[in-house]
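Colleague:
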Amino acid sequence: MSRKQKLKMPVTRESGIPIRFLPHRKRKPWMLDLYKSGVRTRTCFATEEEAQQAAMREAGNLVSEGMQALALSREQRLDAARALGILNGTATLEAAADFLMRHSVAGEAGKPVRDVVADFLQAKRGANRRPDTLRDSESRLGCFVATFGDRPLGTITLLDLERWLSGLKVGPVTRDHYRRYAVSLFKYGQRRGLCDRNPALGLAKSGRDEKMPAILTPKQAQNLLEAAQAHAPEMVPYFAVGMFAGLRPQNELARLDWRNIDFKGKSIMVDPATAKRRRSRFVKMSANLIAWLTPYRQTSGTMFYSRRLFRRVIDKAELATWTPDVMRHSFASYHLAAHGDANATALQLGHAGAPGVLFDHYRALAKPKDARAFWRIKPKASKVVPFPKRVTA
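If you're matching positions, the sequence shown starts at 3 in the working numbering and goes up one per residue.
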């Protein structure tokens, strides 16, 4: 027999399906030879009867599937063929249809992103969020609308969000701010049935090296307060409270009312309306803070602040660099160095994080001897320029 001549195996048919006998296979010599969905499949059986029964089952399936296909109109069959061509093997028609239904753009779920963002911001206004928070929300989400404005929220994928963030060309801290707003927007959408998942949770947070907060040396702190005494005495209370009470500059310090400063009880009440987390707290007043405030004491009214005079004091103090939280960071560092109690420092700051985090953050910034010098900074009597009591209605 020629090597090229193939050995023909005995073939029988059951319901039109070939069954081949393979004598070289001892355990399962009977093979069902079937083409299904364009793919050849071969299944072996121990007996001819088992193979015949399997062939009859497959024939029944083919008839059933054929009848289902015949039940489709010509246009439906062509539509299915076109859809399969688009999918190109990446998914089944069933999976594609399921995805479409879960991300339906009908009715409320079809709201474009610009309308969802408008509703989201209106909800924030109704929740009495602070103006600064609202402005930041409008700015960050405005960039989101610029990219996705006409799309339904539920159709936006993680890949879409990753491309959006990459296109912003911002630093890691700012990138995380945008990420946080995206997460909040999708949470809002989930609660209202506009999307069934939150793809923004899949956005990785930016990896960045932790920077130690900048603080003022005791000498710089003294120069700052003496510059205020000499060139803008109205600003002395602002700088003194910022330095020796550690209030947050934007809300807590800028909106501090004199009626919340208790000289007898030696404490400052931070009002919930100005506190970051809307919880009141009492900050103990140090002896040197009381000394700085007493000549300028008022009974009521917001603590004086002027951007022009603020810049004048910074320039006169010859501080090359200034960050908004430098006084708060200085307070935290010297308070922790003086008391060695992260819980007490966190309580003064109104810090919501774990005290251990605060301890790791500030413990290496100030030495005990520097803390002693910091808490001894007091006004020189010859330089104090008191101003008259404010008349209030």
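Where a beta carbon is used, it is the ideal one built from N, C-alpha and C, also for glycine. Predicted, not measured: the structure shown is a model, and the values here were computed from it.
Span of the alpha helix (DSSP H) holding ARG177?
Modeller: 174-193
Colleague: Where does ILE21 land, buried or exposed, given buried means 16+ other C-beta within 10 angstroms?
Modeller: Around the beta carbon of ILE21, 16 or more other beta carbons sit within 10 angstroms, so the residue counts as buried.
Colleague: Which term fits VAL115, buried or exposed, when burial requires 16 or more other beta carbons within 10 angstroms of its beta carbon?
Modeller: buried
Colleague: Looking at C-beta atoms only, is the number of pairs between the region 161-178 and the region 125-139 that lie closer than 8 Å three or more?
Modeller: no
Colleague: Should MET305 be labelled buried (16 or more other beta-carbon atoms within 10 Å of its own) or exposed?
Modeller: By the neighbour-count rule (16 or more Cβ atoms within 10 Å), MET305 is buried.
Colleague: Which residues does DSSP list as the beta-bridge partners of LEU34?
Modeller: ILE21 and THR45
Colleague: Going by beta-carbon coordinates alone, are ASN262 and ASP273 separated by less than 8 Å?
Modeller: yes
Colleague: Would SER269 and MET287 be called neighbours here (beta carbons separated by less than 8 Å)?
Modeller: Contact check for SER269 against MET287 passes: the beta carbons are separated by less than 8 Å.
Colleague: Which class does ASP273 belong to by DSSP, given the choice of helix, strand or coil?
Modeller: coil
Colleague: Can you tell me which residues form a DSSP beta bridge with LYS286?
Modeller: Answer by DSSP bridge pairing, in chain order: SER269.
Colleague: My guess is that HIS331 and ILE158 are in contact by the Cβ rule of under 8 Å, so how many angstroms apart are they, rounded?
Modeller: No, HIS331 and ILE158 are not in contact; Cβ-Cβ is about 38 Å, not under 8 Å.
Colleague: What is the DSSP secondary structure of ARG15, counted as helix, strand or coil?
Modeller: strand
Colleague: Compute the beta-carbon to beta-carbon distance between GLU142 and HIS179, rounded to the nearest angstrom, for a pair I have assumed lies under 8 Å.
Modeller: In the sequence under discussion, the amino acid at residue 142 is Arg, which differs from the Glu named in the question. ARG142 to HIS179, Cβ: 6 Å. Contact.
Colleague: Could you name the residues that DSSP lists as bridge partners for ASP264?
Modeller: SER269
Colleague: Whose CA, out of PHE333, ALA375 and PRO25, lies closest to the CA of ALA242?
Modeller: PHE333
Colleague: Have a look at LEU161, ASP121 and PRO381 and flag the residue whose alpha-carbon is nearest the alpha-carbon of ARG194.
Modeller: For ARG194, the nearest C-alpha among the options comes from ASP121.
Colleague: Taking the alpha helix (DSSP H) that TRP166 falls in, what are its first and last residues?
Modeller: 160-169
Colleague: So for ASP317, helix, strand or coil by DSSP?
Modeller: helix
Colleague: Hey, PRO239 and LEU311 are a contact pair by Cβ (cut 8 Å); roughly how many whole angstroms apart?
Modeller: The pair is not a contact, with the Cβ atoms about 12 Å apart (cut-off 8 Å).
Colleague: Here's the rule I'm using: 16 or more other beta-carbon atoms within 10 Å means buried, otherwise exposed. How should ILE88 be labelled?
Modeller: exposed
Colleague: Judging by CA-CA distance, which residue of ALA293, MET33 and THR219 is the nearest neighbour of ALA373?
Modeller: THR219
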